[in-house]
Every structure is written in C-alpha cells, then in structure tokens.
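Peer 1: Heads up: the protein sequence lines correspond to chains A and B, in order.
Residues 1 to 431 in full-length UniProt numbering are what the first sequence lists, from first letter to last.
Residues 1 to 295 in full-length UniProt numbering are what the second sequence lists, from first letter to last.
Okay, here's the structure, questions in a sec.
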Amino acid sequence: MSRTHRIRVIGSSSLALSLLLATGCGTSGPGGGDTLQVWALEDALVNEIVERGIEAHNEAQDVPAELVTFVNDAYKQRLQVALGSPNAPDVFFNWGGGNLAQYTQQDQVLDLTQTLEDNPEFRDSFLPSVLDVAEIDGSYYGVPLLGVQPVVMYYNKPVLAEAGLEPPETFEDLYEAIDVLQEEGVTPIVLPGAQGWTQLMWFSYMVDRVGGPDVFQAIVDGEEGAWEAPAVLEALELCQDLVDRGAFGNNFTSVDYDNGSASALLANGDSAMFLMGSWEISRQLEDSPQFVENDELGFTSFPVLEGGAGEPNAIVGNPSNYFSVNSDSQHTEAAIDFLVETLASDEYVSDLIDVGQVPPIEGIEDQLQESDHAEFATFTHGLVSDAPTFTQSWDQALDPAAAEAMLTNLQLIFLGDLTPEEFAQAMEQTR
Amino acid sequence: MRTSATERPGFVWVAPALLFFGLFGLAPVVVVGYLSFTSWSGLGSPQWVGLANWSALPGDGQVRGGLVITLTLTALCWATQTPLALAFGVWSAGHQRVRAVVSAVFFLPLLLSTAAIALVWKALLDPNFGVPAQVREWFGLSHSNVLGHPTLALYAIVFIVLWQFLPFHMLLYQAAARQVPRSLYEAAELDGASGFQRFLRITVPQLRHTIIASSVLMLVGSMTYFETVLLLTAGGPGNATRILPLHMYNQGFVAFEMGYASAIAVLLVVLGTGLSLLVVRVTGYSRMTSQREGM
Chain A
1 MSRTHRIRVI GSSSLALSLL LATGCGTSGP GGGDTLQVWA LEDALVNEIV
51 ERGIEAHNEA QDVPAELVTF VNDAYKQRLQ VALGSPNAPD VFFNWGGGNL
101 AQYTQQDQVL DLTQTLEDNP EFRDSFLPSV LDVAEIDGSY YGVPLLGVQP
151 VVMYYNKPVL AEAGLEPPET FEDLYEAIDV LQEEGVTPIV LPGAQGWTQL
201 MWFSYMVDRV GGPDVFQAIV DGEEGAWEAP AVLEALELCQ DLVDRGAFGN
251 NFTSVDYDNG SASALLANGD SAMFLMGSWE ISRQLEDSPQ FVENDELGFT
301 SFPVLEGGAG EPNAIVGNPS NYFSVNSDSQ HTEAAIDFLV ETLASDEYVS
351 DLIDVGQVPP IEGIEDQLQE SDHAEFATFT HGLVSDAPTF TQSWDQALDP
401 AAAEAMLTNL QLIFLGDLTP EEFAQAMEQT R
Chain B
1 MRTSATERPG FVWVAPALLF FGLFGLAPVV VVGYLSFTSW SGLGSPQWVG
51 LANWSALPGD GQVRGGLVIT LTLTALCWAT QTPLALAFGV WSAGHQRVRA
101 VVSAVFFLPL LLSTAAIALV WKALLDPNFG VPAQVREWFG LSHSNVLGHP
151 TLALYAIVFI VLWQFLPFHM LLYQAAARQV PRSLYEAAEL DGASGFQRFL
201 RITVPQLRHT IIASSVLMLV GSMTYFETVL LLTAGGPGNA TRILPLHMYN
251 QGFVAFEMGY ASAIAVLLVV LGTGLSLLVV RVTGYSRMTS QREGM
C-alpha cells in the first residue's frame, strides 16, 4: 500500500505540475465585447453542468455566454487583477463573505437585492443560511452555484470497531478514543498540518462550541478585543491540549492534504478519524474507491462540548460558492437572466445531485435519497438544514491580510511556539 | 589601420539591449518603488500613503525573522556548495573517460525545472509514504518529520538547493580548472610538491576569479530560491522557513497588500545589489587583473 502510494504521489505531483504549466500557458484572457464571460474554477464535473446551463441560456438569448475556467490557486490573483480592467468577466465565481466584500468595497459587484425581490420563487428556493453568506451590509451580491460544504468528522469504521470504540459524540468520548487508539498503535486523528486551513477547521469548531457564533461575528465585525475573547483563548488551549494528548501523532506538521497523503492515511487505517470538508467524500471515491464501497468510511458531526455555550448542532465550513455579476459589465441584464434561469432550475439541481453535490435548495430530500451516495448526501443535507448557524470558513470570511496572518499564527499554536495570549495579541494588531 | 575608442560600435548597436533592459529590468523597479508609497489591493487604483509602508517595515517581526532566515539560508548554501563544487569541478576537469561519464550523469538536475524538483522532493520527504518513514524504521528514530520540523526543514531546503545547483557551479570550476596552464603543475612536480599541495598552491589560487564569480551567483541567486521554498514548505512549519522573498509574495498575492509587498521588494533589491557589490569590492574582483604570468 505505502509503496504504490508513494509512486502515485510522485506521479500525481508531476501531473499537477504539467497541468500547472499547461493552464499557465493555455488560458488566454477573455475577449470581452459581444459575449457574456462567466469565470469559474476548474472542476470537470461541475463545469459540464454549468456549460449545459449556458447552452440553454444561449438558445434563448442574444448575448451568448461563454465559460472560462481557472485552477484554484491562480484564480483569486487572476480575478483581482482582471476586475476593473477591460478583460474583466461579466459573471464570476467567488466564496462569499470577506472574499466577496473586497470586491463590493471597490464597487465592482452588482447589487442583486432587487433581482431577488422581483423573483421571490427563485430567492426562496435557496436555504436562507447559505444565501445570507452573499449578503453584505444588507444587500445581496451573489447567488449560490454549488453544493453545501460543511466540515464533518470522517472515521475509519473497522479501525474504531477493532479498538472497541463508537464514533465520538462528546469531547469526553474523543479524549477516551485518543488514549485507546494510541495504545492500539493508531494515530487517532489525521491532521494535514503542513497547511494552516486544516488546523483552522479544528479551531473554528472549538470556538463555536465554546462560545457560540457571536464570538466569530465580533471578529468579522472588527470589534476591539474580539480576538482576546475568553472563548478564543479557551479554544486555542483545547487545540494545544489535543496536540499534547498525541491526538495528531508526531509528524502532522509535514502531512499534506493536496497530495492526497492525509486521505490515504485514513483509508489505509494508519489513522482513525479525519475532520475535513464534505468534498473529502469525492477525494476518497477517487483515490480509494474500495474503502468507500466496502462501507468502511463513516461520518458524523463534530463532537459536543459539555458546558459549552455553543449550540451542539451548529456547523462550520463553506456554505457554498457564489456567482456574482461585475458592476462594470455591459451585459448585466443577460447576466442576471443567466443566474435566475439556471441556478435553481430543476435540471441544474438534479445534475448537481448526480455528481454527488448537495445543492443548498429547499425540499430536495427525496431526490437525495435516490442518488448514488444517498447516505452521505442526506446526512449532509440534514446537517445543514438542522444547523442553527453555519459559520463560513474563517479564512474566506475575513479579509485576505487578516486571514493570511491567522493561518500562520495558527500553525505556530499547533507547533506550541505561541501561547493563546500571544496569538490573540498578534491577531489584535491585524485588525 | 589605427583603432581608437571613438571607433567602437555606436550607441545604435546597444539600443535593443538597453531598451529590453529598460523595459523589463529598470521600469518594473521604478514602478515597484512608486507602489511602495501606496496602498493597493490590486483592485481600483493605488492610494498614496506616503511612508506608511516603510515605517511599518522595522516593526514587522516577519520581516526581521525573514531577513535572518534568508541570510542563514544564503550562508549555509554558500558554505556547502562552494567546497563541494570546487572539489567535484576540479576532479571532473580530468580527461579520463570515467570522469566524463560520471559528470554527465551528475549534470542531470540542471535540466530539470525548479518546480519539478521541489514537488518530487516534497513527495520523497513525505513523513508517512516517503524516505523518512523507511529511514525511521531502519534506525528506530523517534519521528519521520522533516519538512514539518523547524530546523530540519531548513536543512532539507539547503540540501535540495545544493543538489540542484551544484552541477552548475561544478561546470564553472571544471571549465576554469581546464584553463590552468599545465606548465605550473609540471614545475611544481619537479620541485617535489604533493598532489594536495599542488591543489592548494596552484589550483585554488588560479581559480580565484571563478570562486568569486560563483560566490556572487550563489549569494544573489539565494534571493531567488523562492519557488523551492514555496512548493516545499510554503514558509512553514509556522515561520521556520519563511524567507523574505516568500514573505513578499504572501503579502502581495495572498494578503493582497501590494504596496507593502513592494516595500519589501525594494528592500530585497537593495539587499541583493549591496551583497554583490560587497563581494566584488572585498575580493578585488572589480580590478580584474590577470593572475597568470605573462598573460
């Protein structure tokens, strides 16, 4: 297992490299002018669905739409440079929250509030908690285009069973599991700590369980002393406590998510649990189909903290990705038509479900139950529908400068190089 | 026919090169200099903020830390590459067939792109599926954490840079060593000098200019190890390998603080230029006098 994986890691790295080179040279800027430019991330399955929406739109409209896709890492930079230039897209993919707010502050985004009011049926088809992530200062600037992506706890069923454990429901369960699994010679939890955002998932859930969603809302609002709130400090202590208990093993700081090694550690049983976004299921299906098909991959919600002020079923993650309209676009009407006609249409939603997404749409439980991965899809949909709050990933909700500083400081917390107080002070300075 | 300085090729001949250098070398430096006095996220137009970016520099712990790490990395790379490149270069200057074949193989890393090298080494150094996991089993080490270990990560970068750039510097030394007149060695041999003495008293002094040239390339080049570090550790764990160029990149293209990133960029330009001027000054390379008798 480990040897073939090693070869595969090298293979996939080289592939990633050649893709990088190919896209670097391949994607030329949009011509602008007579077409409606739609920018999105490269995702073969989803791109195809959007493409079908575009075809339907093009048949009915005078201004033909055209999809332009980018790889993840280059996209934000590309968009930042293109917006406000003659090569800007008309409709662009974004993450909502702070990511979208950057563009609204520069008046680069069209206010869609009126559009939503004119089309109440369209507006009401989305889950409100997901639509609200694109609301900035009381106005709506985006419409969800993808499935919900809450962060959930995955586990390896046989490994937990061999150790005589149930999936942890509370922190006490989690602590017990950590001790037992270490005795069994298993790393209790995979943490791809080479990347700060994986540690952020733990930290943001901890803050929510300890102090509820208002703690982070205060941080987003830029309130003075928000980073020094007792709940933030306690959450950081809980994170460091997990490291000290050996929950993540002793080499987590060099484990990487992008090259697939973290997912492989869960699938091959070297680790028992993994806190990751709902996209992990596609990763596992692609990398270790046997693991999923043998029903060895389990999933549950983040454990409950006894005595914590947060709601036990509140969730954290990426509510969705959004399409927004460039306010400089010459085809705003066509752009709005495209969004309203496509994103909540029956074909679009059922296509998304077919590729394993859980669209943020009301009343699709029956459809989900009939899908290929019904168990996970209904679990995710239930999780999101029942959640009193859905906190957006902090690194997307905060402005980019604060997010960058936070991820670095968080790595230092997990390394034990910073105390919670030092973290809070450092973050207060970025406010 | 008399040649004089006035008959040297005219300005027109250098115009294309000057234009190219001005457009792609000087102009960006000037623009970056301007941007360093502004606040700009890449959207909208830059806002003039005066010296705000510059006055923030000394108080930024990551700039100070990054400077220390950059200089440490530079020093370590120079100290490991120079002696090895000198030794291998002189060795490969011999005309034996074995040496030719071995050095041809050794030059392979020169053909690979830096990004490919970084990604392959990253996979090789994976703590669970890479070489460290094997080594740990064999020697019973306490952990297999290399790229996530604050000091080992830096050493790993030094090693990978060494592996990548050694062949290039070897090539410089090989070519230079072949230029050393044979007569010097023959005379020394007659005087009874040992092989090591000949290396120390003839080869090394004769290669003085090459040593300086290669050192300048290494020192200035160390400001550009950026992509290796970005792909291997992204500056981590924590800040352990966050060299100044990477900090600049993060400020500019992750945090979208283009103005502040420009201030760091200017600092880097000054640093790189200063470093190479210093080396050239101290070593007397600028005088360019020949060391060879009668040449």
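Heads up, the beta-carbon is just placed ideally off N, CA and C, and yes, glycines get one too.
Hey, does R269(A) have any beta-carbon neighbour from chain B nearer than 7 angstroms?
Peer 2: The amino acid at residue 269(A) is misidentified as Arg; the sequence shows Gly. For G269(A), the answer is no, since every Cβ of chain B falls outside 7 angstroms of its Cβ.
Peer 1: Return yes when the Cβ of G236(B) is within less than 7 angstroms of the Cβ of N411(A), no when it is not.
Peer 2: At residue 411(A) the sequence reads Gln, which differs from the Asn that was named. For Q411(A) and G236(B), yes; Cβs fall inside 7 angstroms.
Peer 1: Keeping to the same chain, check which residues put their C-beta closer than 6 angstroms to that of V215(A); ignore five residues upstream and five downstream.
Peer 2: The residues are V207, A229, A231.
Peer 1: Show which residues of chain B have a CB atom less than 9 angstroms away from the CB atom of P400(A).
Peer 2: Result: S41, V254, A255, F256, E257.
Peer 1: Can you find a CB in chain B that lies within less than 7 angstroms of the CB of L41(A)?
Peer 2: For L41(A), the answer is no, since every Cβ of chain B falls outside 7 angstroms of its Cβ.
Peer 1: What does the alpha-carbon distance come out to for the pair T27(A) and W39(A)?
Peer 2: Any reading at T27(A) must be qualified, since the residue scores a pLDDT of 35, below 50, and its modelled position is unreliable; no value is offered.
Peer 1: At a Cβ threshold of 7 angstroms, is N250(A) touching chain B?
Peer 2: Cβ-Cβ to chain B under 7 angstroms: yes for N250(A).
Peer 1: Kindly list the residues whose CB is nearer than 7 angstroms to the CB of Q61(A), restricted to its own chain and excluding five residues on each side of it in sequence; keep chain order.
Peer 2: Answer for Q61(A): A334, D337, listed in chain order.
Peer 1: Restricting to Cα atoms, I'd like to know which of P16(B), F24(B), V12(B), T70(B) is closest to L267(B).
Peer 2: Nearest C-alpha to L267(B): T70(B).
Peer 1: What residues are listed by DSSP as bridge partners for V68(A)?
Peer 2: Bridge partners of V68(A): W39(A).
Peer 1: Quickly, what does DSSP pair I136(A) with across the bridge? List them, please.
Peer 2: The partner list for I136(A) (beta bridge, DSSP) reads S139(A).
Peer 1: Once you ignore the five residues that flank E189(B) on each side, which residues in its own chain have a CB closer than 8 angstroms to its CB?
Peer 2: Here the set comprises R198.
Peer 1: Can you tell me the Cα-Cα spacing of A115(B) and D354(A), whole angstroms?
Peer 2: Computed Cα separation, rounded: 37 angstroms.
Peer 1: Among Y75(A), Y140(A), P188(A), which residue has its Cα nearest to the Cα of A163(A)?
Peer 2: It is P188(A) whose Cα lies nearest to the Cα of A163(A).
Peer 1: Between L79(A) and F92(A), which are expected to be in contact by the criterion C-beta below 8 angstroms, what is the C-beta distance as a whole number of angstroms?
Peer 2: Right, the Cβ-Cβ distance comes to about 6 angstroms (below 8 angstroms), so this counts as a contact.
Peer 1: Using the Cβ count rule (16 or more neighbours within 10 Å means buried), how would you classify D179(A)?
Peer 2: Answer is exposed; the Cβ neighbour count stays below 16.
Peer 1: Residues of the stretch 192 to 207 of chain A in Cβ contact with chain B at a cutoff of 9 angstroms, in chain order, please.
Peer 2: Answer set for the stretch 192 to 207 of chain A: G193, A194, Q195, G196.
Peer 1: Which residues in chain B have a C-beta closer than 8 angstroms to the C-beta of T391(A)? List them in chain order.
Peer 2: Within 8 angstroms Cβ-Cβ: nothing; T391(A) doesn't reach chain B, min ~22 angstroms.
Peer 1: Excluding the five sequence neighbours on either side, which residues of its own chain have a C-beta within less than 7 angstroms of the C-beta of G24(A), listed in chain order?
Peer 2: Since pLDDT at G24(A) reaches only 36, below the 50 mark, its modelled position is unreliable, and no value is offered.
Peer 1: Mind listing the chain B neighbours of S261(A)? Cutoff is C-beta to C-beta under 7 angstroms, in chain order.
Peer 2: Neighbours of S261(A) on chain B, chain order: D126, N128, F129.
Peer 1: Can you give me, in chain order, the residues of the stretch 180 to 196 of chain B that have a beta carbon less than 7 angstroms from any beta carbon in chain A?
Peer 2: For the stretch 180 to 196 of chain B, which is checked against every Cβ of chain A, not one residue is closer than 7 angstroms.
Peer 1: Should S144(B) be flagged as near chain A, meaning a C-beta pair shorter than 7 angstroms?
Peer 2: Yes, contact with chain A.
Peer 1: Quick one: using the 10 Å Cβ neighbour count with 16 as the cut-off for buried, is G249(A) buried or exposed?
Peer 2: Per the 10 Å Cβ criterion, buried.
Peer 1: Starting from Q195(A), follow the beta strand (DSSP E) in both directions and report where the run begins and ends.
Peer 2: No beta strand (DSSP E) contains Q195(A), which DSSP labels as neither H nor E.
Peer 1: Which bits of chain A does A176(B) rub up against, with CB to CB less than 8 angstroms?
Peer 2: Neighbours of A176(B) on chain A: none; closest Cβ ~34 angstroms, over 8 angstroms.
Peer 1: Hey, quick one: how far does the alpha helix (DSSP H) through A267(A) stretch, first residue to last?
Peer 2: Element bounds for A267(A): 261 to 267.
Peer 1: Might you give, ordered along the chain, the residues of its own chain that have their beta carbon closer than 7 angstroms to the beta carbon of G33(B), omitting 5 neighbours on each side?
Peer 2: Taken in chain order, the residues that qualify are V266.
Peer 1: Taking DSSP as the reference, what is the three-state secondary structure of I281(A)?
Peer 2: Correct three-state label for I281(A): helix.
Peer 1: Going by DSSP, name the residue or residues bridged to S39(B).
Peer 2: Answer is Q47(B).
Peer 1: Determine the chain B residues that contact G142(A) at a beta-carbon separation under 7 angstroms, and present them in chain order.
Peer 2: The premise fails here: G142(A) is roughly 17 angstroms from chain B at the closest Cβ pair, so nothing lies under 7 angstroms.
Peer 1: Please classify R431(A) as buried or exposed, where buried requires at least 16 neighbouring CB atoms within 10 angstroms.
Peer 2: Answer is exposed; the Cβ neighbour count stays below 16.
Peer 1: Is DSSP giving Q357(A) helix, strand or coil here?
Peer 2: Coil, per DSSP.
Peer 1: Is the Cβ-Cβ distance between S288(A) and A267(A) less than 7 angstroms?
Peer 2: Contact flag set, yes.
Peer 1: By Cβ distance below 6 angstroms, which residues in the same chain neighbour L21(A) in space, the five residues on each side in sequence not counted?
Peer 2: Note that L21(A) has pLDDT 37, beneath the 50 cutoff, so the model's placement of it is unreliable and no number is given.
Peer 1: Would Q114(A) count as contacting chain B if we go by Cβ distances under 7 angstroms?
Peer 2: No, Q114(A) does not count as interfacial toward chain B.
Peer 1: For S254(A), return the contacting residues in chain B, with the cut-off set at a CB-CB distance below 7 angstroms.
Peer 2: Result: P127, N145, V146, L147, G148.
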